[in-house]
Amino acid sequence: MNPYGQGQWQQGGSAPSIFGALPSVTTSTAAVAAPADSVTFTFTNFKTTILNSTVIGPQQRTVYRVVTESTAPACTIFKDNESRNVAMVQWQPHASVEIRGVAAQQRVRDWLKLSADQSHRIMEVRGVQYAWAPMQGFLCMYKANSSAPRILARITRIPNTVVLEMTQEAMQLNLLEPALVATVMLSCGSNID
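Using this note's numbering, read the sequence shown as starting at 124 and increasing by one per residue.
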C-alpha cells in the first residue's frame, strides 16, 4: 500500500503529496528554477488517467504515447512517435517494468526504490542512481549521492496535465525514456510497491 496516497492526514498536518508516491515537502532551501535550456514534455489527452495519454515535446509534436488498452488493462505500453514499443509496465500479479535498452524486466518497487526514510525514490539507470524527491511543489530528479546535487528533471501537475522538464544534461545522459516512465509511475495513482 502507498501510505501517501491514502489521504490519512490530520487537519493542520502536512498536505498530501501531489504525486502520491512520495510525501509533500513544503519548504526547501534549494532553488528549483528550471534551466533556460530545459526541454518540456507535456502529458495530455488523458482518458481518465495518465496511463492513457499523449506526450507532447518540442515544437508541439507528439513524441510518445502511453497506452493501456481496456481489453488488456494489466499492461501499459509506451510507444515512440513511430509506434515502436519503448517500455512496458505489467500490473499483474505485481507491477513490473521493462525499458528497452535501459532496464530489464523488474518490479517497479525495485526500479523506483523507496528510501529507508521514505523521503525520496531511487531509480537506477545504466549503473547510476538518481533520486526523485519533492521540492517546492515539484518532484525533482538529481544524481543520488552527489555532494552538490543539480536538478536534472522535474515533474509538476496542473489541471488535466503533467509536465516533465528535462535539462540538456539529462537529455545527453539518455534519461528521457526512464524519466517518462518514472513520471507515469509516480503520477498514475496506482500502487507501485
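Idealized CB from N, CA, C, for every residue including glycine.
Keep in mind the model is a prediction, meaning the values are calculated, not measured.
- Two segments are said to touch when three or more pairs of C-beta atoms, one from each, lie closer than 8 Å; by this definition the region 238–246 does not touch the region 273–292.
- Within a 10 Å sphere around the beta-carbon of Pro257 sit 16 or more other beta-carbons, which makes this residue buried.
- When the five nearest sequence neighbours on each side are left out, the beta carbons in the same chain lying within less than 6 Å of the beta carbon of Phe166 are those of Ile173, Ser176, Val178, Val285, in order along the chain.
- Considering only Ile200, Gly224, Asn204, the residue with the shortest C-alpha distance to Trp214 is Ile200.
- The criterion of a C-beta distance shorter than 7 Å is satisfied by Asn204 and Val186.
- Under DSSP, Pro257 takes part in a beta bridge, and its partners are Leu262.
- Put simply, the backbone Cα of Ala210 is about 32 Å away from that of Ser270.
- Unbroken alpha helix (DSSP H) runs of no fewer than 4 residues, entirely contained in the region 224–293, are found at 231–234, following chain order.
- By the neighbour-count criterion, in which a residue is buried when 16 or more other Cβ atoms sit within 10 angstroms of its Cβ, Ala293 is buried.
- Counting every other CB atom within 10 Å of its CB across the protein chains shown gives Pro216 a total below 16, marking it as exposed.
- Look at Ser176 here: in three-state DSSP terms it is strand.
- In this structure, DSSP gives Thr306 a helical state, which the three-state scheme calls helix.
- Taking Thr163 as the centre and dropping the five residues before and after it, the same chain places the C-beta of Val286, Glu288 closer than 7 Å to its C-beta, in chain order.
- In the DSSP annotation of this structure, Ser193 is not part of any beta strand (DSSP E), being labelled neither H nor E.
- Nearest neighbour of Arg223 by Cα position, chosen from Asp316, Pro301, Val307, Ser310, turns out to be Pro301.
- Taking C-beta separations shorter than 7 Å and ignoring five residues to either side along the sequence, the partners of Cys311 in its chain run Thr172, Ile173, Leu174, following chain order.
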